[in-house]
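K.L.:
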Amino acid sequence: MPQNPARLMPQTLARLKGSRYQSLKGSRYQSLKGSRNRSPSRVARAFQASVAAFQASVAAFQTSGIAAVQASAIVAACFLAAVPASAQDTTPQPQPTVRDVQVRGAKELSEPAVLRAGRLVVGEPLPDTSEAIRERIEHRYHEEGYSFARATVMFDVDTRVLTLTIDEGVIDAIEFEGVDPKLARTFADEFALRAGDVFNRARALHALDALLRPTRGAIRRSRRTFDVLDRNGQHVLIVDLREPAGRFRLVPDLGDREDWFSSVDGFVPSLGFGAAVFNHETFNHAFVAGHISIRSATSRAGYALGFERPLFGRTKLFLGGELHDLTASDDQWQVSSAEASLAAFGPRRSYRDYYRRRGVQIGGALRVHPQVELLFAWRGERHEPLQAETDFSLWNDDEPFRPNRAAADGRLNAVIIGASVDGDGFDRESLEATYRRHQLETPFGERLRGPDNDHDLTPRWRIDWTSEISASDALQSDFDFSRHIISGRTRVALSRHQEFAARAIGGWSDGVMPPQRQFAIGGIGSVHGYGFKEQVGDSLALLNLEYSLGWRGGLHGIGFFDLGHTTIRQNQTLAVQGAGRPWLKGVGFGVGIGDVRIDFGSRLDAVPSSLQVLLRFGRTF
Numbered sequence: 026m027p028q029n030p031a032r033l034m035p036q037t038l039a040r041l042k043g044s045r046y047q048s049l050k051g052s053r054y055q056s057l058k059g060s061r062n063r064s065p066s067r068v069a070r071a072f073q074a075s076v077a078a079f080q081a082s083v084a085a086f087q088t089s090g091i092a093a094v095q096a097s098a099i100v101a102a103c104f105l106a107a108v109p110a111s112a113q114d115t116t117p118q119p120q121p122t123v124r125d126v127q128v129r130g131a132k133e134l135s136e137p138a139v140l141r142a143g144r145l146v147v148g149e150p151l152p153d154t155s156e157a158i159r160e161r162i163e164h165r166y167h168e169e170g171y172s173f174a175r176a177t178v179m180f181d182v183d184t185r186v187l188t189l190t191i192d193e194g195v196i197d198a199i200e201f202e203g204v205d206p207k208l209a210r211t212f213a214d215e216f217a218l219r220a221g222d223v224f225n226r227a228r229a230l231h232a233l234d235a236l237l238r239p240t241r242g243a244i245r246r247s248r249r250t251f252d253v254l255d256r257n258g259q260h261v262l263i264v265d266l267r268e269p270a271g272r273f274r275l276v277p278d279l280g281d282r283e284d285w286f287s288s289v290d291g292f293v294p295s296l297g298f299g300a301a302v303f304n305h306e307t308f309n310h311a312f313v314a315g316h317i318s319i320r321s322a323t324s325r326a327g328y329a330l331g332f333e334r335p336l337f338g339r340t341k342l343f344l345g346g347e348l349h350d351l352t353a354s355d356d357q358w359q360v361s362s363a364e365a366s367l368a369a370f371g372p373r374r375s376y377r378d379y380y381r382r383r384g385v386q387i388g389g390a391l392r393v394h395p396q397v398e399l400l401f402a403w404r405g406e407r408h409e410p411l412q413a414e415t416d417f418s419l420w421n422d423d424e425p426f427r428p429n430r431a432a433a434d435g436r437l438n439a440v441i442i443g444a445s446v447d448g449d450g451f452d453r454e455s456l457e458a459t460y461r462r463h464q465l466e467t468p469f470g471e472r473l474r475g476p477d478n479d480h481d482l483t484p485r486w487r488i489d490w491t492s493e494i495s496a497s498d499a500l501q502s503d504f505d506f507s508r509h510i511i512s513g514r515t516r517v518a519l520s521r522h523q524e525f526a527a528r529a530i531g532g533w534s535d536g537v538m539p540p541q542r543q544f545a546i547g548g549i550g551s552v553h554g555y556g557f558k559e560q561v562g563d564s565l566a567l568l569n570l571e572y573s574l575g576w577r578g579g580l581h582g583i584g585f586f587d588l589g590h591t592t593i594r595q596n597q598t599l600a601v602q603g604a605g606r607p608w609l610k611g612v613g614f615g616v617g618i619g620d621v622r623i624d625f626g627s628r629l630d631a632v633p634s635s636l637q638v639l640l641r642f643g644r645t646f
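Taking the numbering used here, I'd label the letters of the sequence shown as residues 26 to 646.
1. Within this structure, are the beta carbons of F443 and R514 separated by less than 8 Å?
2. Taking the continuous beta strand (DSSP E) assigned at K610, which residues delimit it?
3. Go ahead and pull the three-state DSSP assignment for T307.
4. Between T415 and A365, what straight-line distance do the alpha-carbon atoms span, to the nearest angstrom?
5. Can you tell me whether P468 is buried or exposed? The criterion is at least 16 other CB atoms within 10 Å of its CB, across all chains shown.
6. Thinking just about the alpha-carbon of each residue, which of F303, L330, P372 and A326 is nearest to the one in G315?
7. Just grab the DSSP bridge partners of G327 for me.
8. N225 CB to nearest chain B CB: under 8 Å?
9. Whose CA, out of T459, H522 and D489, lies closest to the CA of D479?
10. Please give the ranges of any alpha helix (DSSP H) in the segment 359–400, keeping only runs that are unbroken, at least 4 residues long and fully inside the region.
11. Using only CA atoms, which one of D447, A157 and P372 lies nearest to S418?
12. Alpha carbon to alpha carbon, what distance is there between A217 and E160?
13. Looking at the unbroken beta strand (DSSP E) that takes in E524, where does it start and where does it end?
14. State the Cα-Cα distance for the pair L233 and R382, rounded to the nearest angstrom.
15. Are there 16 or more other CB atoms within 10 angstroms of the CB of N257, so buried, or fewer, so exposed?
16. Taking three-plus beta-carbon pairs below 8 Å as touching, is the segment 502–510 in contact with the segment 634–645?
17. For V204, does the three-state DSSP call read helix, strand or coil?
18. Hey, which unbroken runs of the alpha helix (DSSP H) at 4 residues or more fall wholly within the segment 196–250?
19. If G345 and F337 are in contact, beta carbons under 8 Å, what's the gap, nearest whole angstrom?
20. Report buried or exposed for V182, applying the criterion of at least 16 other Cβ atoms within 10 angstroms of its Cβ.
21. Rounded C-beta distance between R404 and A439? I'm assuming under 8 Å.
22. Enumerate, from N- to C-terminal direction, the unbroken beta strand (DSSP E) stretches of 3 or more residues contained entirely within the segment 119–175.
23. Figure out for me which residue from F426, Q118 and L399 has the closest Cα to the Cα of R377.
24. Helix, strand or coil, according to DSSP, for Q560 in the structure here?
25. Could you tell me which of V253, S321, T250 and F303 sits nearest to W285, measuring between CA atoms?
26. Among the residues of its own chain, which have a CB less than 6 Å from the CB of G299, if the five just before and after it don't count?
27. Assuming L266 is part of the beta strand (DSSP E), what are its boundary residues?
28. On the three-pair Cβ rule with 8 Å, is the segment 238–249 touching the segment 167–177?
29. Could you tell me how far apart the beta carbons of V10 and L399 are, in whole angstroms, since I believe they sit closer than 8 Å?
30. So, is P540 buried or exposed, given that buried needs 16 or more other C-beta atoms within 10 angstroms?
31. Buried or exposed: where does I618 fall if 16 or more other Cβ atoms within 10 Å of its Cβ makes it buried?
32. Give me the Cα-Cα distance between F251 and F370, rounded to the nearest whole angstrom.
33. Hey, would you say V552 sits closer than 8 Å to I488, going by beta carbons?
34. On a Cα-Cα basis, can you pick out the residue from F544, R248 and S573 that is closest to F525?
35. Tell me where the alpha helix (DSSP H) around T459 begins and ends.
36. On the CB-based measure, 16 or more other CB atoms within 10 Å of its CB, does R577 come out buried or exposed?
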């Protein structure tokens, strides 16, 4: 009859205490000491001893109970420990060789691209586990913008065929959330991404921005714009949007309304703000714009405060007005505000003539077509001459600034009418850009918008017309004249590395124009190789041609040709300079990186003695 295991346990432990260490000392340590030199027969004997110990433990369980099993298990473990490590095969098994790879469902990425992503080569071993291969392939898809692409990797050990099944993220349905249901349905109908398309984040964002652009900020993307839900086995793309009530911006606007440094004002720190109240039904948003500045050279403040609101539907009528006191210039078409400020601040070069204008303007525009607007305004303001007030510049401080051409002092009451036709349309404009354009401060035309990216080959073109009429009798103005300007410009990509650009300006007038309204050409921004405003008159004809070869966003060369002329009527009483000269002709070349370029221009009849080197920080037109 078997004994009680509880009574046997102390005896068993005592026996183990006296024999365990001797057994280990006599067997395990000696076994380990000679394990490296053991022959296969000794390994076999050790294994047989371990089996015998296991059998003894089974017999002990039948006769002595649990405590005996514990003792026998310890003895068996000692025998197993005696088996040398060389008898245990720890060498990693080689990965099976891939005989063939089958790729299913890959359309956006080529089959070689998928294999490269998984580091797979037919005839070579598997590079990693199936899970690691799947992660690498999905990561490659996600890098390309296919955010919802998924991969399945299956390897048949018998046939050694690896099967890659790709779900590139085909969209079965699209839903817009966060906006009015009626608007959501409209967006779903007009969205460029359709059911059946493969989702690509970059393309989807581009299409969404184009869809939301006409809302002019009233509908915006949420933080997590896109998500995909699995609904009844279908991939449903959720586009999450939001409808803010309005917006307010307060930012430094150096150069936006006034040059941040000039000879007449010195340094001009300024702030600008824009506030909009959004209309989420017709997108006719009320917009308020403001500007305030301090002119360090004269300690005089400048300001502008205005509003604008469109009415009606597709054919919109814009109405607005502005109260202002600004340092102005009609030379914005020749150099940008940043270039004019840098030229004055650095080498002490003045490329603008300034005057003070303070008063009010009321007007608006009628958008008869997304690409066509008719403009109108009434302007009542005081013009005052300004003179150079600062002697600061970074260098050339021993030279004076060029004298600022004095404007005629007086009250200007004028009616302005015009039209603008833009190949890109006006729906792409921000609220600020539309408001500024409707102030009619750029009668010689706006600079063309640049390409969206290096692959954008869309031609750009624009035509502007303005007529300013100031009548001393009918409008009670101190000035009696009319000035008319028509300008056209285009920029055409001949290829990814070639571009042609042209600008033509024609202007004429009646009556006696004040100096601040006269036409002037020569030098930077008009005809290369000549002095600044070398010709001044009451009519203007100007042609600029450019050819660019190279990389748009990188290094490129430019060749240019300029042709311009001004005339003056015999009854003109104001003294002008160079009015009787023939046509000005300039020619040269430039080297640029992006929009920054260096122009080497000369007079056509005095090459290279009249060489003029100009550093430009933006496009002239």
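All residues carry an ideal CB built from backbone N, CA and C; glycine is no exception.
P.N.:
Based on what the coordinates show:
1. Per the sequence presented here, residue 443 reads as Gly, with Phe not at that position. No, Cβ-Cβ distance for G443 and R514 is not below 8 Å.
2. That run of the beta strand (DSSP E) goes L609 to I618.
3. coil
4. 15 Å
5. buried
6. L330
7. S318
8. Any reference to chain B falls outside this structure, which holds one protein chain only.
9. H522
10. 362–370
11. Here the closest residue by C-alpha is P372.
12. Spanning the two alpha carbons is a distance of roughly 30 Å.
13. Q523 to V537
14. So the alpha carbons of these two residues sit roughly 42 Å apart.
15. exposed
16. no
17. coil
18. 206–215 and 226–237
19. At roughly 15 Å, the Cβ-Cβ gap does not stay under 8 Å, so G345 and F337 are not in contact.
20. exposed
21. 5 Å
22. 125–129
23. Taking only the C-alpha atoms, the option nearest R377 is F426.
24. strand
25. S321
26. R274, A314 and E457
27. Q259 to R267
28. Proximity of the segment 238–249 to the segment 167–177 falls short of the contact definition, fewer than three beta-carbon pairs being nearer than 8 Å.
29. The requested residue 10 does not occur in the structure, where the chain is confined to residues 26 to 646.
30. buried
31. exposed
32. Here the alpha carbons of F370 and F251 stand approximately 47 Å from one another.
33. no
34. S573
35. Per DSSP, T459 belongs to the alpha helix (DSSP H) from L456 to R462.
36. Residue burial annotation: R577 is buried, with at least 16 other C-beta atoms found within 10 angstroms of its C-beta.
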